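In our numbering, the protein residues as written are 109 to 662. For reference, the structure discussed in these notes is given below.
Take a look at the structure:
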C-alpha cells in the first residue's frame, strides 16, 4: 500500500513538472520565451543560406560534371600536321600547337616566280615556337603532354572552306584544350582555349600567347625594317631599334587590340578576344622578333573550367583583308597624319590599275589627275612669280640704294609690293596647300604592298638591261632620280630668282640635295615626283608663253 501511494505521488509530481514548469519558470524569470518575429527572421535567414549552399553545391557538381565529361586524355607523340589553302601552306606541330612553317603562296622572296615563297615561319622562327602557349610560365610545347583530337590527316582547303584543329593537353597540372580554326579565304587563325582544373585545390592561371617573325621578312632598308608593333587604345606604337629590342625589349599594358612582329609588308600578330588588361612583351632573339601577349590572371575552383578566345594574323598587310578583321588591325599600315587623303589616293591608284594593269602607269595617271586638280592654284602661283619677276630690277635698285639701312630697305620693298599689287606669299600658298596631298601619297606609295615586286619597265628601252622591275625598290641604275634632279634644276632656272643672294644659293643647291636623297627612295615614289616635275615644267612653259603672247599683243 505504501509503495502504491509513493508511485501515485511520483506520477503527480512528474505531471506537475511537465505541465507547470514552463509557466512557473517564465513567471520566476528563470527562462525567456523567444519573440515569434525573431524566430521567423532566423528561420528565413537559415532557409536563404541553405538555398545558397545548395546553389553552390549544384554549381560545383556542374563544373565537376564538365571536367568529368572531358575526353579521356592519352598523351601522343607530336607530329607535323599540314594545312594547305589557296593563300598559304601551314605546318602545325601537334605537340602543343606551335607552327613549324607558314608559306604565303601569293608572295615570293625575289622577283622571279621561281624564287622561294615568303615563309612567315622559317627554321629560325620555328625554333622559338610561334603560336605556342605559355601557361603559368610553362611552355606548352616543351613541358606539356598533348594529343591530337582532330583532324588526323593533312587538310587541303578549297575556297570558302575551313578546318578546325583540336588539341588536348596537360600543362602545369591544368587540362588544356586548343581549338584552332584555319580558313581558306583569310590569313586570320581563330582560337578557342579552354582551361580546366581537374584537381582538388583552387588554382590560378596566366596564359600567354606568342608570335614571331624572322628579320628576313623585311628588306632591311630604312623603308622596310622589322619591328615590334602594337595598338594601344587605338593608337599605333612600334619599336624598330634592334639594339633596344635585343638588350631591354619593350613592354606595354592596357587596352591592346593587337601586337606582333611586322615589316612594311608582312605581319605576325596576336589579337586578344578581350583587349582590356592584357600586357605585351617584345624582344629580339638572334634574328627573330618575338611578341607575347598575356591575359589577366584567372582563378579556377576544383572542377571549374574557363574558355578564352584569341586570333592570330600571319600574312601580308593587305588593307582590304585587314579591314575585314578590324579597323585597329588596318592601322598596322601607317598612313601618317594625312591618312584620310592617303586612303583616297590608294583607292584612285587601284582604280587606275584595274584598267591599265601596270602600277607604274597607274602612278603616272594619278599624278596627272592630281596636277589637273591643282592646276588653277599652280597657275595662280606662276602668275604671282611673273609679277615678282617684273619687279626684280626695281627691287635690286632698292637693295643697292639702302644696302646700309635694312629697315628702310624692307619698308621700301613692301611699298613697292603694295604699289604693284603683289603679294610675295601668294606664290607659296598653293604649294603649301598641295603638301598634304604629297605627304599622303608618299605614305600610300611607301606602304602599299601592291607595289612590292610590281614592275613598270622591266628593261631599259632598246636594251636587255633590267631596270624598273620593282616599284618598291630603288632604281638600280639611278636614272629616274638623276632625271628628277635635272627637272628640279630646270624649274629653278625658269622661276624668278630669290631676292636674297643667300636664298638664291640655297635654292640652286636643292636639286643636288634632292637627287642624293632620292637615290635610295622606292622607284614608285621617285616616278611620281619626276612626272609631277615634268608636268610642272610644261605648265610653267605654257604660262610663260601665254604671258609673252599677251605682252606682244599689248
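We put the beta carbon where it would ideally sit given N, CA and C, even for glycine. Since the structure is predicted, the reported quantities are computational estimates derived from the model, not experimental observations.
Contacts around residue i, its chain only, beta-carbon distance under 7 Å, and the 5 residues preceding and following it disregarded
i	result
residue 267	194, 292, 293
residue 329	none
residue 634	583, 588, 589, 592, 626
residue 269	292
residue 227	209, 210, 211
residue 233	320, 321, 322, 396
residue 215	225, 226, 424
residue 244	280, 313, 314
residue 461	467, 470
residue 335	346, 347, 348, 370
Enclosing alpha helix (DSSP H) for residue i [first to last residue]
i	result
residue 428	427-431
residue 450	447-464
residue 599	587-602
residue 248	248-251
residue 400	Looking at the DSSP string, residue 400 is not in any alpha helix (DSSP H); the run it does join, the beta strand (DSSP E), is 396-402.
residue 504	483-509
residue 301	Segment 296-304 is the beta strand (DSSP E) holding residue 301; no alpha helix (DSSP H) there.
Selected residue, minimal CA-CA separation from residue i, among the options
i	options	result
residue 256	278, 265, 235	278
residue 97	351, 320, 280	Missing from the structure shown is residue 97; the chain here goes from 109 to 662 and no further.
residue 354	522, 652, 390	390
residue 191	583, 543, 265	265
residue 529	499, 460, 506	499
residue 80	495, 566, 516	In the structure as shown, the chain starts at 109 and stops at 662, and residue 80 therefore has no counterpart that could be examined.
residue 198	219, 271, 254, 241	271
residue 240	318, 398, 218	318
residue 546	610, 525, 474, 565	474
Contacting residues, own chain, Cβ-Cβ under 6 Å from residue i (five flanking each side not counted)
i	result
residue 669	A query on residue 669 cannot be resolved here, the shown segment of the chain reaching from 109 to 662 and no further.
residue 333	326, 348
residue 186	201, 202, 203
residue 312	405, 407
residue 454	552
residue 387	361, 402
residue 443	450, 551
Where residue i falls: helix, strand or coil (DSSP)
i	result
residue 322	strand
residue 331	coil
residue 528	coil
residue 580	coil
residue 434	coil
residue 564	coil
residue 292	coil
residue 235	coil
residue 389	strand
residue 631	helix
residue 279	strand
residue 207	strand
residue 132	With a pLDDT of 38 at residue 132, under the threshold of 50, the modelled position of this residue cannot be trusted; read the value that follows with caution. Helix, per DSSP.
residue 439	coil
residue 647	helix
residue 556	coil
residue 539	helix
residue 622	helix
Element boundaries [beta strand (DSSP E), containing residue i]
i	result
residue 375	374-380
residue 98	This structure leaves residue 98 out entirely; the chain is present only between 109 and 662.
residue 367	364-370
residue 347	343-347
residue 197	196-201
residue 418	413-424
residue 313	311-313
residue 227	225-227
residue 407	406-408
residue 189	188-192
residue 243	241-243
Contacts around residue i, its chain only, beta-carbon distance under 8 Å, and the 5 residues preceding and following it disregarded
i	result
residue 585	568, 573, 575
residue 647	479, 483, 486, 487, 490
residue 258	272, 273, 274
Near the ligand MG: residue i beta-carbon under 7 Å from a heavy atom
i	result
residue 526	As far as ligands go, the structure on display features none, and thus does not contain the ligand MG.
- prompt: Counting pairs of Cβ atoms below 8 Å between the segment 504-524 and the segment 464-484, do you hit three or more?
  reply: No, the segment 504-524 does not touch the segment 464-484.
Segment contact flag, the segment 588-596 with the segment 628-637, C-beta cutoff 8 Å, min 3 pairs: Touching, per the Cβ criterion.
task: Take every Cβ of the segment 197-214, pair it with every Cβ of the segment 244-262, and state whether three or more of those distances are shorter than 8 Å.
output: The answer is yes - the segment 244-262 touches the segment 197-214, with three or more Cβ pairs under 8 Å.
query: With a cut-off of 8 Å, do at least 3 Cβ pairs link the segment 408-426 to the segment 303-322?
result: Touching, yes, given that three or more Cβ pairs across the two stretches are closer than 8 Å.
message: Any contact between the segment 513-520 and the segment 548-565? By contact I mean 3 or more CB pairs, one from each, below 8 Å.
response: Segments in contact, no.
message: With three or more C-beta pairs closer than 8 Å as the rule, is the segment 427-444 touching the segment 369-386?
response: They touch, by the three-pair rule.
task: Pair every Cβ in the segment 592-602 with every Cβ in the segment 436-443, then say whether three or more of these pairs are closer than 8 Å.
output: Because the criterion of three Cβ pairs below 8 Å is not met, the segment 592-602 and the segment 436-443 do not touch.
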